[in-house]
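Chemist: Okay, so the sequence shown: first residue is 7 according to our numbering, each after it adds one.
Each residue gets a CB set at the ideal place from its N, CA and C atoms; glycine is no exception.
Provided herewith is a single structure, encoded as structure tokens, for subsequent inquiry.
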Amino acid sequence: MKRTILLLAFLAFQTAFSQQTDFLKIKKYRVSHLDDKIQETSGLNIFNGKLYTFNDSGNAPELFEINKTSGEVIKTLKVNAKNTDWEALTNDGSNFYIGDFGNNDGSRRHLTIYKVPFHGDSLQNGQIREIKFHYPEQTDYKSSYFNTDYDAEAMVYAHGKIHLFTKEWVSKSTVHYIIDPEKNEKHDAVKAETYKTNFMVTDAAYFDKKLYLVGYSKKTEVFMDVFTETEPGIFFKERPKHYYLGSSLSIGQIEGIAVDETGISISGEKFKSPLGSTKPALYFIPKEQFKD
Numbered sequence: 007m008k009r010t011i012l013l014l015a016f017l018a019f020q021t022a023f024s025q026q027t028d029f030l031k032i033k034k035y036r037v038s039h040l041d042d043k044i045q046e047t048s049g050l051n052i053f054n055g056k057l058y059t060f061n062d063s064g065n066a067p068e069l070f071e072i073n074k075t076s077g078e079v080i081k082t083l084k085v086n087a088k089n090t091d092w093e094a095l096t097n098d099g100s101n102f103y104i105g106d107f108g109n110n111d112g113s114r115r116h117l118t119i120y121k122v123p124f125h126g127d128s129l130q131n132g133q134i135r136e137i138k139f140h141y142p143e144q145t146d147y148k149s150s151y152f153n154t155d156y157d158a159e160a161m162v163y164a165h166g167k168i169h170l171f172t173k174e175w176v177s178k179s180t181v182h183y184i185i186d187p188e189k190n191e192k193h194d195a196v197k198a199e200t201y202k203t204n205f206m207v208t209d210a211a212y213f214d215k216k217l218y219l220v221g222y223s224k225k226t227e228v229f230m231d232v233f234t235e236t237e238p239g240i241f242f243k244e245r246p247k248h249y250y251l252g253s254s255l256s257i258g259q260i261e262g263i264a265v266d267e268t269g270i271s272i273s274g275e276k277f278k279s280p281l282g283s284t285k286p287a288l289y290f291i292p293k294e295q296f297k298d
């Protein structure tokens, strides 16, 4: 009897999973392994049709323009700003926004987004502005690695605001905060909405009134959720399309996503485990291969 109950529970789980999850295994869409300069790609962004990435904490403050179809580094742009823990990249058509707000131990009090003017394929380093913010809900800043809900690695620019999405190690949800890029003084990030992703969000992209979130679970499962914008700057009122992309053991630790009319670019940094390791890689899913 016990075996029958367990079997029925297993089948019910499998059915529920298949009903809620579409499989989009991206390993077959790998463009290439990334250049050795980009071992820790931590985000992707498309600016004027060109693809950009960067390395996270402990690396030089640089942006890399990379070839969409080969992953080759085309150009390196040096940024006159400190890379404490860069985790996200977006733009408004005239400026890059670099999110220096990685906070995987929950102790950071000084969270910054760098606004970097970008004209004629050149960064205007003399005009960089710091947008400082904090989470008003956070009261405990005691260091506790991988045990905080106030980490973040994802943001997009839309409707004149920066939309940040938290990486929650405990709750396995994401909170959507809105930040005003025009404020000069340190200010509160405004909590807008919450969604239970059941994975840790590592990057975001916004295109054609859709929000794309990628991330992974502690079981190395990699997922992508695609939300429809129901009103300007609001994404979580309807359930998203939920995709399983593969395992970090084979596709790397997925940290970047960028979307345009041609398709979806996804990047993964190097991943090591007792079962083996993967090299940093770039993936591209052509629009005609993806139906959202």
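Can we say the stretch 203-210 touches the stretch 139-146, given the rule of at least three CB pairs closer than 8 Å?
Modeler: Cβ pair count under 8 Å is below three, so no.
Chemist: What is the DSSP secondary structure of Glu-159, counted as helix, strand or coil?
Modeler: Position 153 of the sequence shown, counting from 1, holds the residue named residue 159. DSSP places Glu-159 in strand when its eight states are reduced to three.
Chemist: Quick one: what's Asp-209 bridged to in DSSP?
Modeler: Translated into positions along the sequence shown, residue 209 becomes position 203. Paired residues: Val-220.
Chemist: Who pairs with Pro-280 in a beta bridge, going by DSSP?
Modeler: If you number the sequence shown from 1, residue 280 lands on position 274. In the DSSP output, where bridge partners are listed per residue, Pro-280 has none listed.
Chemist: Taking only the alpha-carbon atoms, compute the straight-line gap between Val-85 and Asp-41 and give it to the nearest angstrom.
Modeler: Within the sequence shown, the letter at position 79 stands for residue 85. Within the sequence shown, the letter at position 35 stands for residue 41. Roughly 19 Å separates the two Cα atoms.
Chemist: Quickly, what does DSSP pair Thr-172 with across the bridge? List them, please.
Modeler: In the sequence shown, counting from the first residue as 1, residue 172 sits at position 166. The partner list for Thr-172 (beta bridge, DSSP) reads Ala-158.
Chemist: Run through the DSSP bridge pairs and tell me what Glu-68 is partnered with.
Modeler: Here the question's residue 68 lines up with position 62 in the sequence shown. DSSP output for Glu-68 lists Lys-84 as bridge partner(s).
Chemist: So does the stretch 242-253 actually touch the stretch 217-234, counting three or more Cβ pairs closer than 8 Å?
Modeler: A contact exists between the stretch 242-253 and the stretch 217-234.
Chemist: Taking all protein chains shown into account, decide if Gln-259 is buried (16 or more other Cβ within 10 angstroms of its Cβ) or exposed.
Modeler: In the sequence shown, counting from the first residue as 1, residue 259 sits at position 253. It is buried - the Cβ of Gln-259 has at least 16 other Cβ atoms within 10 Å.
Chemist: Would you give the residue range spanned by the beta strand (DSSP E) that Ser-149 belongs to?
Modeler: Taking the first residue of the sequence shown as position 1, residue 149 is located at position 143. First-last for Ser-149: undefined, no H or E at that position.
Chemist: Should Thr-226 and Tyr-201 be called a contact, given that it needs their Cβ atoms to be closer than 8 Å?
Modeler: Within the sequence shown, numbered from 1, the residue matching residue 226 stands at position 220. Within the sequence shown, numbered from 1, the residue matching residue 201 stands at position 195. No. Outside cutoff.
Chemist: So, Asp-62 versus Ser-48, is the Cβ gap smaller than 8 Å?
Modeler: The count along the sequence shown starts at 1 and reaches residue 62 at position 56. The count along the sequence shown starts at 1 and reaches residue 48 at position 42. Yes, Cβ-Cβ distance for Asp-62 and Ser-48 is below 8 Å.
Chemist: What do you get for Gln-295, buried or exposed, if any count of 16 or more other CB atoms within 10 angstroms of its CB means buried?
Modeler: For the purposes of this step, residue 295 is taken as residue 289 along the sequence shown, with counting starting at 1. Looking at its Cβ environment, which holds fewer than 16 other Cβ atoms inside 10 Å, Gln-295 is exposed.
Chemist: Note down the Cα distance separating Ser-128 from Asp-106, rounded to an integer number of angstroms.
Modeler: The residue labelled residue 128 in the question sits at position 122 within the sequence shown. The residue labelled residue 106 in the question sits at position 100 within the sequence shown. So the two alpha carbons sit approximately 21 Å from each other.
Chemist: In chain order, what residues of the same chain have a beta carbon less than 8 Å from the beta carbon of Gly-239, not counting five sequence neighbours either side?
Modeler: Along the sequence shown, read from residue 1 onward, the residue named residue 239 stands at position 233. Ala-164, His-165, Lys-167, His-169, Ile-184, Ala-198, listed in sequence order.
Chemist: Report all residues from its chain with a CB closer than 7 Å to the CB of Lys-56; omit the five preceding and five following residues, and keep chain order.
Modeler: In the sequence shown, counting from the first residue as 1, residue 56 sits at position 50. For Lys-56, where only same-chain residues beyond five positions count, the Cβ hits under 7 Å are Glu-71.
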